[in-house]
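Below you'll find the structure, written out as structure tokens, and then a few comments.
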Amino acid sequence: MEFLKSPQGSFFSLTESEYDFIINIIKSDKVEKKIVDFSLPINLDSLYFEDKDTLKKQISIAFKSGKSIILIGPPGTGKSKLAKSITESYKVESKMVTAMSDWSSYDTIGGYKPNNEGTLYFEDGIFLSSLKNKNGNNINKWLIIDEINRADIDKAFGPFFSALSGDDVELGLKDDSGNNIELLLEKNLEFGVDNKGKHNQYIIPKDWRIIGTMNTFDKTSLYEMSYAFMRRFAFIPVAIPKRIDSDVVRTLSNIWESELAEKEYENISVLWNTINKYRKIGPALIEDIVSFIKLDQDYTSSILIYILPQLEGLFDDKLIKFYKDIYKLDFINDKERLKTSIEDFFNISLGED
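The numbering of the sequence shown is numbering that gives the first Met the number 0, which starts it at 0 and goes up by one.
Below, the structure is given as structure tokens:
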């Protein structure tokens, strides 16, 4: 490399190999964009759903049409595991968070925090950190929001809602250099996306998605979603099995690698059907019961530990009927403890047996 002078100033004379090296450095700032392949099959081998083909088709078509999704169903249907299986099947990075009732745009978008010198700096919230990493590189990390309706959507999503509607947004915040922070959609950009990009710009890739989960019995007791918000998502039902018998429990136990004595498959199927009369529950809660019974055939304890919390919100008359139905099951081992625990947990009187 030879140093030269010219009327325009000093510069270096480069060899061809040196020139190529510098050009490659410049090009390395461009995104080696990894496009999400929505034609990849969704692998649900480790999960149990009665109609896997329909479920996979609904998810695939929703994504291909540009929608984010919310998986909705009873507790324990495997919605969170399904969300992780989806991102693994599409080979995308993901981040799972559980929605909180006190979320605000400070948590989701970001806000100012003091550093050690006492000056303020901007720190990315949950959403923005899924679009840009700590090195300032643009990324595509899908966001899984568990129990999404536990958050006040309008307050939590804030300006991000406009971006979900297809609009570029100025967030009303400034970065460390005093520039307005912008949330831009890749599809609206005229030119390609730089790997670094501008420090104040967060780019939502065309194939970036949110996967939310929601329990069906929560939808009336927690924050309501506006129709405008719901239009931005495809709601995918995740149902419990329509037919629950010993064969279903045996199949599930094989998936969970938890072999039981033959009579236990029948007992658990009867228990599951009894519980579903009062509160629908999915296989994940039954997996907890299967694991418990495999170690100790104490059905009363398994009900108290895993099922009673799911019955919150039932009226007293329903709880009394639930107790009476469980009491009739001949494999329930400690009925007096069951009664006392239900009375204490729900602060009710079950009367005489």
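Where a beta carbon is used, it is the ideal one built from N, C-alpha and C, also for glycine.
- Annotation for F121: the continuous beta strand (DSSP E) segment containing it runs L119 to D123.
- Proximity to K51 across I235, S340 and D343 peaks at I235, based on C-alpha coordinates.
- For Y47, the three-state secondary structure derived from DSSP is coil.
- Excluding residues up to 5 positions away in sequence, R278 lie with their Cβ nearer than 6 angstroms to the Cβ of L310 in the same chain.
- In the DSSP assignment, I319 falls within the unbroken alpha helix (DSSP H) covering D315 to Y326.
- Rounded to whole angstroms, the separation of the alpha carbons of D174 and H198 is 8 angstroms.
- For S79, the three-state secondary structure derived from DSSP is helix.
- Secondary structure of L294 (DSSP, three-state): helix.
- By the Cβ test, the stretch 225-244 is in contact with the stretch 264-282, since at least three Cβ pairs between them sit closer than 8 angstroms.
- Taking all protein chains in view, the Cβ of G65 is surrounded by fewer than 16 other Cβ atoms within 10 Å, so the residue is classified as exposed.
- D329: not part of any alpha helix (DSSP H); DSSP gives it neither H nor E.
- The closest CA to that of N266, considering only I203, D343 and I288, is found on I288.
- In this structure I69 does not touch I58 by the C-beta definition: roughly 11 angstroms separates them, more than the 8 angstroms allowed.
- DSSP places D36 in the coil class of the three-state scheme, outside both helix and strand.
- DSSP places P308 within a helical segment (H, G or I) once states are collapsed to three.
- The alpha-carbon of L172 is positioned some 15 angstroms away from that of F156.
- With fewer than 16 neighbouring CB atoms inside 10 Å of its own CB, T339 falls in the exposed class.
- Just so you know, the alpha carbons of S45 and K78 end up roughly 13 angstroms apart.
- Rounded to the nearest angstrom, the gap between the Cα atoms of I306 and I210 is 27 angstroms.
- P74 is the residue among D36, P74 and I60 whose C-alpha sits nearest the C-alpha of G281.
- Non-local beta-carbon contacts of I341 in its own chain, meaning distances under 6 angstroms to residues more than five positions away in sequence, involve Y322 in chain order.
- Contact check between the stretch 141-151 and the stretch 121-130: three or more CB pairs, one atom from each, fall below 8 angstroms, which counts as touching.
- The residue from I85, I239 and S161 with its alpha-carbon nearest to that of M95 is I85.
- In the three-state DSSP reduction, E258 falls in the coil class, being neither helix nor strand.
- Put simply, the backbone Cα of P158 is about 6 angstroms away from that of L170.
- Assigned with DSSP and collapsed to three states, Y105 falls in helix.
- Considering only T212, L328, L54 and I34, the residue with the shortest C-alpha distance to N148 is T212.
- G135 is positioned such that its CB atom lies no closer than 8 angstroms to that of T107.
- Per DSSP, the unbroken alpha helix (DSSP H) holding T339 starts and ends at K334 to F345.
- In this structure, L349 sits near I319, with a CB-CB distance shorter than 8 angstroms.
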